[in-house]
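Trainee: In the working numbering, the protein residues as written are 77 to 226. We put the CB at the ideal spot given by N, CA and C, even for glycine. Right, I'll just put the structure down here and ask away after.
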Amino acid sequence: MSPRRAPAFRIDVWPQPRLQLFIAALSCLAAVAACAALIAHFNRAWPSLALTPLAGWWAWRCASFAPRRLQWDGESWRYADSLLAPVLTRVRVQVVMDLGDWMLLRLQPAEAGLWRTSIYLPLARVALGAHWTALRATLYSAKVSEPPGP
77 MSPRRAPAFR
87 IDVWPQPRLQ
97 LFIAALSCLA
107 AVAACAALIA
117 HFNRAWPSLA
127 LTPLAGWWAW
137 RCASFAPRRL
147 QWDGESWRYA
157 DSLLAPVLTR
167 VRVQVVMDLG
177 DWMLLRLQPA
187 EAGLWRTSIY
197 LPLARVALGA
207 HWTALRATLY
217 SAKVSEPPGP
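Listed below in structure tokens is the structure:
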């Protein structure tokens with residue numbers, strides 16, 4: 077008798093403007109705090125406050141991303157940088173934060189490489205709808221099969 081596996085599914089992850097706005101607002105607050113500390117030490121540093129909108133714009137740009145795809149095929153996780161990508165990369169998925177209705181996942185390429193870095197994927201129940209329950213169940217209970225070694 078073979079062990080049961082979580083059923084296959086696919087989710088498309090779209091940008092989240094509210095999350096982008098939150099990150100931009102936090103960056104603006106951090107820039108204001110840094111400027112206030114600078115002004116406390118150097119009285120003539122008050123023009124540095126003009127850089128606050130630049131910090132917010134930069135954070136907004138950094139927090140944005142193109143729509144992406146995450147797929148569980150019944151044995152392993154696969155990821156694509158765009159919805160049109162024909163090839164999905166095999167990844168290891170780790171839950172970094174789970175706040176109930178919001179989750180941050182870390183995706184690491186399964187194949188080791190010199191320049192391969194982790195990808196962080198923010199997910200929200202509101203954005204995923206009916207797939208949210210299946211995603212959470214699969215993340216916490218699915219057994220990932222490892223590729224055969226050499």
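Along the chain, which unbroken stretches of the beta strand (DSSP E) at least 3 residues long are found entirely within the segment 134 to 219?
Mentor: Entirely contained in the segment 134 to 219, the beta strand (DSSP E) runs reaching 3 residues are, in chain order, 144 to 148, 153 to 156, 165 to 174, 178 to 185, 195 to 200.
Trainee: Quick check: what's the CA-CA separation for A161 versus L102?
Mentor: Spanning the two alpha carbons is a distance of roughly 33 Å.
Trainee: What are the partner residues of I87, as DSSP defines its beta bridges?
Mentor: DSSP lists L146 as partners of I87.
Trainee: Taking 8 Å as the threshold (C-beta atoms), are R182 and T165 in contact?
Mentor: No. Outside cutoff.
Trainee: Take L114 and list the residues in its own chain whose beta-carbon comes closer than 7 Å to its own, dropping the five residues that flank it on each side.
Mentor: Answer for L114: A121, S124, listed in chain order.
Trainee: Apply the 10 Å Cβ neighbour rule to G209 and answer buried if 16 or more other Cβ atoms are within range, or exposed otherwise.
Mentor: Note that residue 209 is Thr in the sequence shown here, rather than Gly. Exposed, since its Cβ has fewer than 16 Cβ neighbours within 10 Å.
Trainee: Near R145, what residues of its chain come up, given a Cβ to Cβ distance below 6 Å and the 5 sequence neighbours on each side ignored?
Mentor: Within the same chain, R145 has close Cβ partners D88, A156, L159.
Trainee: Grab me the residues of V171's own chain with a C-beta within less than 7 Å of its C-beta, minus the 5 sequence neighbours each way, in chain order.
Mentor: For V171, where only same-chain residues beyond five positions count, the Cβ hits under 7 Å are M179, L181, L215.
Trainee: Need the endpoints of the alpha helix (DSSP H) that A110 sits in, please.
Mentor: Per DSSP, A110 belongs to the alpha helix (DSSP H) from 93 to 117.
Trainee: Ordered along the chain, which non-local residues of its own chain (more than five positions away) have a Cβ less than 7 Å from that of F141?
Mentor: So the list reads P91, once near-sequence residues are dropped.
Trainee: Report yes if the CB atom of A100 is closer than 8 Å to the CB atom of G132, and no otherwise.
Mentor: Yes. Within cutoff.
Trainee: Just the Cα atoms here: how many angstroms apart are A135 and V108?
Mentor: Whole-angstrom Cα-Cα distance: 14 Å.
Trainee: Is it right to say A126 is buried, meaning 16 or more other beta carbons lie within 10 angstroms of its own, or is it exposed?
Mentor: The residue in question, A126, is exposed, as its Cβ has fewer than 16 Cβ neighbours within 10 Å.
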